[in-house]
Structures are given as structure tokens and as C-alpha cells.
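Student:
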Amino acid sequence: MRDRFRDSESSKMTNHVKTNSIIGQYGYYLYLVMLSMLSFVATDMYLPAFKSIESSLGVSASEVAMSLTTFLAGLAIGQLLYGDIVRKYGKRLALMFGLSLFMMSTLAISILDSMLLINICRVFQALGVCSASVIWQALVIEKHSPIESQKMLSNLMPLVALSPAIAPILGALVLEAWGWRSIFVCLAVTAIILMVMTVYFVDKDRPNKLAINTSTNQQATNTQISFTAMLVNRFYLGNVLIFSACSASFFSYLTLWPIVMDKFGYDAGAIAWSFVPQTVMFIVGGFSGKLLINKWGSETALKLELGLFFTTSVLLGLFTLVFEMTSIYPILVVFALQAAANGAIYPITVNQALQTFKGNATKAAGLQNFIQVSCAFFASSLMATFALYGEVAMGWGSLDHLVWSSLRFIGE
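For the sequence shown, numbering that gives the first Met the number 0 begins at 0 and goes up steadily by one.
1. Figure out for me which residue from Phe376, Gln367, Asn359 and Leu230 has the closest Cα to the Cα of Gln83.
2. For the pair the stretch 40-50 and the stretch 165-181, tell me if three or more CB-CB distances fall below 8 Å.
3. Contact check, Tyr328 vs Phe242 under 8 Å by CB: the rounded distance?
4. Run through the stretch 30-58 for me and flag every whole alpha helix (DSSP H) of 4 or more residues, listed as ranges in chain order.
5. Return the CA-CA distance between Cys245 and Ile140, expressed in angstroms with no decimal places.
6. Just to confirm, is the Cβ distance from Cys374 to Ala247 under 7 Å?
7. Specify the secondary structure class of Glu62 as computed by DSSP and reduced to three states.
8. With a 10 Å radius around its C-beta and 16 neighbouring C-beta atoms as the bar for buried, classify Leu353 as buried or exposed.
9. Determine the closest residue to His143 out of Ser113, Asn350 and Glu304, with distance taken between C-alpha atoms.
10. Verify whether the separation of the beta carbon atoms of Thr105 and Leu31 is less than 7 Å.
11. For the alpha helix (DSSP H) holding Asp261, just list the boundary residues, first then last.
12. Can the beta-carbon of Leu74 be found closer than 7 Å to that of Ala125?
13. Suppose the cutoff is 6 Å on Cβ atoms and the five residues either side in sequence are ignored; what does the same chain contact list for Val40 look like?
14. Would you kindly report the start and end of the unbroken alpha helix (DSSP H) that includes Ile341?
15. Going along the chain, which residues of its own chain have a beta-carbon closer than 7 Å to the beta-carbon of Pro157, five neighbours each way excluded?
16. Between the stretch 315-335 and the stretch 292-306, are three or more C-beta pairs nearer than 8 Å?
17. How long is the line joining the alpha carbons of Phe334 and Phe309, rounded to whole angstroms?
18. Is DSSP giving Tyr199 helix, strand or coil here?
19. Report the CB separation of Gly288 from Ile347 in whole angstroms; it is logged as a contact under 8 Å.
20. Return the CA-CA distance between Ala339 and Ile292, expressed in angstroms with no decimal places.
21. Do the CB positions of Leu80 and Phe369 come within less than 7 Å of each other?
22. Compare the beta carbon distance of Gly365 and Val133 with 7 Å and say whether it is the shorter of the two.
23. Is Leu255 buried or exposed, if buried means 16 or more other CB atoms sit within 10 Å of its CB?
24. Just to confirm, are Ser38 and Leu155 a CB contact at a threshold of 7 Å?
25. Report buried or exposed for Ser113, applying the criterion of at least 16 other Cβ atoms within 10 angstroms of its Cβ.
26. When the Cα atoms are used, what is the spatial distance from Thr311 to Lys87?
27. For Lys90, which residues in the same chain have their Cβ closer than 6 Å to its Cβ, ignoring the five residues on either side in sequence?
28. Measuring straight from C-alpha to C-alpha, what distance separates Met102 and Ile117?
29. Can you list the alpha helix (DSSP H) stretches of 4 or more residues lying completely in the stretch 116-204, in chain order?
30. Which two residues bound the contiguous alpha helix (DSSP H) that contains Val313?
31. Taking all protein chains shown into account, do 16 or more other C-beta atoms lie within 10 angstroms of the C-beta of Val159, making it buried, or fewer, making it exposed?
32. Would you kindly work out how many angstroms separate the C-alpha atoms of Glu412 and Leu236, rounded to a whole number?
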């Protein structure tokens, strides 16, 4: 017993030293940024390689687009797994398991020649990366006050937004230098780096024997809130639905945009650079959202930003369904403005949702991400199915997401 106490105190002191020195603080912040970006980088980095994968494997554009859809399917399922894994084995072991699975499946993709097998590995790749996408949010929520968490999320999420711009650009550079397979090798190396950082920055939790042996001891579940209890909480679910609708709109864009640009004669490099404007605007939106929160509060700021999201959704529908599209620039401008709205909406809705269940932040984050990714998966599947219709499918999808995002306010 005395040894366990000594180990616990030693772990706390070590973590205090790691995160309270200047290097430790910035290192830990970088670690959180990398964890939060990993799933987006795994999604975006290979987008410029769509055409190259088509020609290399002799498959259609729809089949390649489906690789994004299968990834989202795994991403949705995996979100629900890590709440219990963390409760039983701790955050460090959960992260090491997930990052290892991500690394191995990513390396497998880099050597496969079958699109079917690649899509299967994309599912396992997504299951692994879920550990990062769930646990980084829990690390922020559980260790900081609501106000501090809001500030951290508002600072982190605009940086996370760099991934849609940086990842495709890096992917295009790697593609040009070494081919599309090397993109996945780079992702595997990133996972290895994060595994090393996890050992350094995340405390080694002891396995929770009560949680593991739930069949013989119910004490471990007494303090746990069920998924059903979370779903019937209107405030939690409303914020999650807004977050999910905005995310679904973004993934609809990701699924179809390379195909639309290819239709207009743009190459992989141009496709990669086309993600820069929306990324810049996402960052601008994130910091402007902080200003709105400071002046009028989070609820008013959320309604103002949703107004911008609704406006851009309607404009996108007009540009793609009513007027004939002769240039990509109107859509680029509209999505940049929508990205600004999302940059403010994401941190507000995530913080409000997870603060509702602060004591079960990992589980709440898992359910939130499951709903978000399920919506993104559904939207991406629909867009991939109608990929031949390009911007027209994108327009209908945008109008659909407008309805989803308003559900929280119905009945208020």
C-alpha cells in the first residue's frame, strides 16, 4: 500500500515538473495539438493523391472517394470504445494501443495493391486514431476549469484547423517526390513520434481492477453515466448536433472537392493549395469567436456564428443548384466564410457539451465524436455515391446540414 502511494506521488511530481517548466508547457501544448490534428491529417493528407491512386490501382473516382467514407465509418465506431478502455487501463495505455494500431494499419496501406484491402485497413487506421481524437479532449476538460477549458479549446482548435491546409500541401509535396504510398509512411512515422511523447507527457495509470471485473463488482459502474443518460440531456445533445452538422458540411466538401476541381482541370498541387483559404478563415473565426464570447457570452456568440453558417449554406445551394457553375471561386469564397463560422462554433459547442459531464469527459467526448463522425460518414457516403454529380450533390448536402444545425433551437 505504501509503495502504491509512493508511486502515485512520484507520478504526480514527475508530471508537475514536465508540464510546469517552460519547455514542458510548450511541449505539452504541442503534444495536444498533434493529438488533436492526427485524425484530420490522416483524412486530408492523401486527398491530392486521389487521381494518382486511381491510375496506380486502376480504380474509379468513386472507389477512391469511398476510402474516405470507410475511414469515417471506423472513426465513428471507435469513438465509443475508448471511454471504457480509458476507465479500465488508463489514458496512457489506451493511447499506446490506439497509436500502435494506427501505425500498423497505415504501414499496411503503404504496401497494398488492392483497393478493397486498403479500405479495410482504413477502418482499422480510423479505429486506432480515435484514441487521440477522444483522449486529447478529456485531457483538456478534466484538468482545467470551464473558463480555462474554453480558452484552451479556442486556442487549440484554430491550430487544428491548419491540418486541412498543411496536410494536403505536405501530401502533394510527398506525392511529387516519392509517390502516394510514401504519404502513409509519413503518417506512420508521426504515430511513432506521438507514442514517444505519450510516454513522456501522460501519466502511467494503474489498471482499474474494479472496472475490469464489473461482472463481480458493480461499484465501478456506480459513478458512470450511461450513454442513454447523455442522449436525453437536451443541452448536451443540442450542442453535439450543431457540432455534427457543421462537421458533416465540411466532410461533404472534402469528399467532392478534389473531384470538382479535377473536373475544372486543376492538378494535385492546385487541389492542395485550395484548402488554404478556408484554413485561414477557420483560424480567424476561432479568434473572433473568443472576442464575441468575451463581449456577449458564449450563447449569443453561438447564435451569431450559426447565422453566418446558415447564410453560407443557402449561398452554396444557390451557386450550385440555381446558377450554372462556370468557376470554382464562388464556392471557394463561400466555404471560406463557412469555415470562419465553424472556427467559432466548434470550441463553443464542444466545451458546452463536455462541461455537462465533466466527471465523465472521456465517455462524453466519445459519444460526441461518435455522433459527429456518424453524421460525417453519412454525408460523405451520400456524396461519394453521387460523386458524378459533383457540385450539385455538394449543394443539396449543404442545405441538408442547415436543417441539422438548427435542431437544438427547435422548441425553445
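Glycine residues also receive a C-beta, built at the ideal position from the N, C-alpha and C atoms.
Tutor: Here's the rundown:
1. Sequence index remark: in the sequence shown, residue 83 carries index 84 (1-based). Note on identity: in this sequence residue 83 is Asp, with Gln being the wrong assignment. That would be Asn359, whose Cα lies nearest to the Cα of Asp83.
2. yes
3. Within the sequence shown, numbered from 1, the residue matching residue 328 stands at position 329. Within the sequence shown, numbered from 1, the residue matching residue 242 stands at position 243. That belief does not hold up - the Cβ atoms of Tyr328 and Phe242 are roughly 28 Å apart, past 8 Å.
4. You should have 49-56.
5. The sequence position of residue 245 within the sequence shown is 246, counting from 1. The sequence position of residue 140 within the sequence shown is 141, counting from 1. When rounded, the distance between both Cα atoms is 22 Å.
6. Your numbering for residue 374 matches position 375 in the sequence shown. Your numbering for residue 247 matches position 248 in the sequence shown. In this structure, Ala247 lies closer than 7 Å to Cys374 by Cβ.
7. Within the sequence shown, residue 62 is the residue found at index 63, counting from 1. In this structure, Glu62 counts as helix in the three-state DSSP scheme.
8. As a position in the sequence shown, residue 353 is number 354, starting the count at 1. With 16 or more other Cβ atoms within 10 Å, it is buried.
9. By one-based count along the sequence shown, residue 143 stands at place 144. Among Ser113, Asn350 and Glu304, the Cα nearest to that of His143 is on Asn350.
10. As a position in the sequence shown, residue 105 is number 106, starting the count at 1. As a position in the sequence shown, residue 31 is number 32, starting the count at 1. Cβ atoms of Thr105 and Leu31: not closer than 7 Å.
11. On the sequence shown, residue 261 is found 262 positions in, with the first residue counted as 1. Going by DSSP, Asp261 is part of the alpha helix (DSSP H) stretching over Arg233 to Lys262.
12. On the sequence shown, position 75 is the one that residue 74 refers to. On the sequence shown, position 126 is the one that residue 125 refers to. Yes, Cβ-Cβ distance for Leu74 and Ala125 is below 7 Å.
13. Counting from one through the sequence shown, the residue named residue 40 turns up at place 41. Around Val40: Ser162 and Ala166.
14. If you number the sequence shown from 1, residue 341 lands on position 342. It is Asn, not Ile, that sits at residue 341 in the sequence shown. Its alpha helix (DSSP H) spans residues Tyr328 to Gln354.
15. Here residue 157 is taken as the residue at index 158 of the sequence shown, counted from 1. Phe281, Ile282, Gly285, Phe286 and Gly342.
16. no
17. Reading the sequence shown from its first residue, position 335 is the one you call residue 334. Reading the sequence shown from its first residue, position 310 is the one you call residue 309. Our two residues, Phe334 and Phe309, have alpha carbons roughly 12 Å apart in a direct line.
18. Here residue 199 corresponds to residue number 200 of the sequence shown, with the count starting at 1. Correct three-state label for Tyr199: helix.
19. As a working note, residue 288 is residue 289 in the sequence shown. As a working note, residue 347 is residue 348 in the sequence shown. In this structure Gly288 is in contact with Ile347, their Cβ atoms being roughly 7 Å apart against a cut-off of 8 Å.
20. Mapped onto the sequence shown, residue 339 falls at position 340. Mapped onto the sequence shown, residue 292 falls at position 293. C-alpha separation (whole angstroms): 15 Å.
21. Numbered from 1 along the sequence shown, position 81 holds the residue referred to as residue 80. Numbered from 1 along the sequence shown, position 370 holds the residue referred to as residue 369. Their beta carbons are not under 7 Å apart, which means Leu80 does not touch Phe369 by this criterion.
22. As a working note, residue 365 is residue 366 in the sequence shown. As a working note, residue 133 is residue 134 in the sequence shown. The answer is yes: Cβ separation under 7 Å.
23. Residue 255 sits at position 256 when you count from the first residue of the sequence shown. By the 10 Å Cβ count, Leu255 comes out buried.
24. Locating residue 38 in the sequence shown gives position 39, counting from the first residue. Locating residue 155 in the sequence shown gives position 156, counting from the first residue. Not in contact: Ser38 and Leu155 (Cβ atoms no closer than 7 Å).
25. Position 114 of the sequence shown, counted from the first residue, corresponds to residue 113. Exposed is the label assigned to Ser113, since fewer than 16 other Cβ atoms lie within 10 Å of its Cβ.
26. As a first step, residue 311 is located in the sequence shown; it is residue number 312 there, counting from the start. As a first step, residue 87 is located in the sequence shown; it is residue number 88 there, counting from the start. Rounded to whole angstroms, Thr311 to Lys87 spans 44 Å at the Cα level.
27. By one-based count along the sequence shown, residue 90 stands at place 91. So the list reads Ile134 and Val201, once near-sequence residues are dropped.
28. As a working note, residue 102 is residue 103 in the sequence shown. As a working note, residue 117 is residue 118 in the sequence shown. Taking the straight line from one Cα to the other gives about 14 Å.
29. 145-159, 162-177 and 180-200
30. Stepping through the sequence shown from its first residue, residue 313 is reached at position 314. Run containing Val313: Ser297 to Gly316, per the alpha helix (DSSP H) assignment.
31. Working through the sequence shown from its first residue, we reach residue 159 at position 160. Its Cβ being crowded by 16 or more others within 10 Å, Val159 is buried.
32. What the structure shows of the chain is the stretch from 0 to 411, and residue 412 is not part of that stretch, so it cannot be assessed.
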